[in-house]
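Colleague:
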Amino acid sequence: MDALPTFPDVEAFSYIKKKLGLSLDTIYSSITPSSVAAASLGQVYKSRLKYYGQYVAVKASNAVLGNFVNLDFFHVGPHPGNLLATPEGKLAFHDFGMMSEILEEARFAIIGHIVQMVNRDYETMAQD
Numbered sequence: 001m002d003a004l005p006t007f008p009d010v011e012a013f014s015y016i017k018k019k020l021g022l023s024l025d026t027i028y029s030s031i032t033p034s035s036v037a038a039a040s041l042g043q044v045y046k047s048r049l050k051y052y053g054q055y056v057a058v059k060a061s062n063a064v065l066g067n068f069v070n071l072d073f074f075h076v077g078p079h080p081g082n083l084l085a086t087p088e089g090k091l092a093f094h095d096f097g098m099m100s101e102i103l104e105e106a107r108f109a110i111i112g113h114i115v116q117m118v119n120r121d122y123e124t125m126a127q128d
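Here the UniProt record's numbering is used: the first residue of the sequence shown is 1, the next is one more, and so on.
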């Protein structure tokens, strides 16, 4: 997965905006102009929440992954042995033996818990 090429920041910001349904400046007081890290299947931007002041990691996935996630399924074991970078720079999944369906509400809960772990906000995480 670390051999996957990055995609333009403009595309990443458009993806984030589309997923959140709001402009970035509505939610964040700042966001790095380019990714600060690579995530397993995307790029990560350091952002500061506008109303809470907390720094958060915002992950943007490339278009292939975004389409895959929109199907409301997730791959249980997305490790390098189950992923392939195509010559066109797209991500191809194989070995679909460990797939599951996830409801939107559960998906948002998982995302929330990941953000809380990144922020070391274990008390709030326990209350959720």
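Backbone N, C-alpha and C fix where the C-beta goes; we use that ideal spot for every residue, glycine too.
So which of ALA37, THR32, GLY89, LYS50 has the shortest CA-CA distance to LEU22?
Modeller: The candidate whose alpha carbon is nearest that of LEU22 is LYS50.
Colleague: Could you have a look at LEU24 and say whether DSSP puts it in helix, strand or coil?
Modeller: Here LEU24 sits in helix by DSSP.
Colleague: Among GLN54, GLU105, ARG107, SER61, which has the Cα closest to the Cα of LYS18?
Modeller: Closest option to LYS18, Cα to Cα, is SER61.
Colleague: Which of the three DSSP states, helix, strand or coil, is assigned to GLY66?
Modeller: Note on GLY66: pLDDT 42, under 50, position unreliable in the model; no value is reported.
Colleague: Counting only runs of 3+ residues fully inside the region 31-63, write out the beta strand (DSSP E) ranges in chain order.
Modeller: Complete beta strand (DSSP E) runs here, min 3: 37-39, 42-49, 55-61.
Colleague: Is the distance from the Cβ of residue 173 to the Cβ of TYR52 below 8 Å?
Modeller: The requested residue 173 is not part of the displayed model; the chain covers only 1 to 128.
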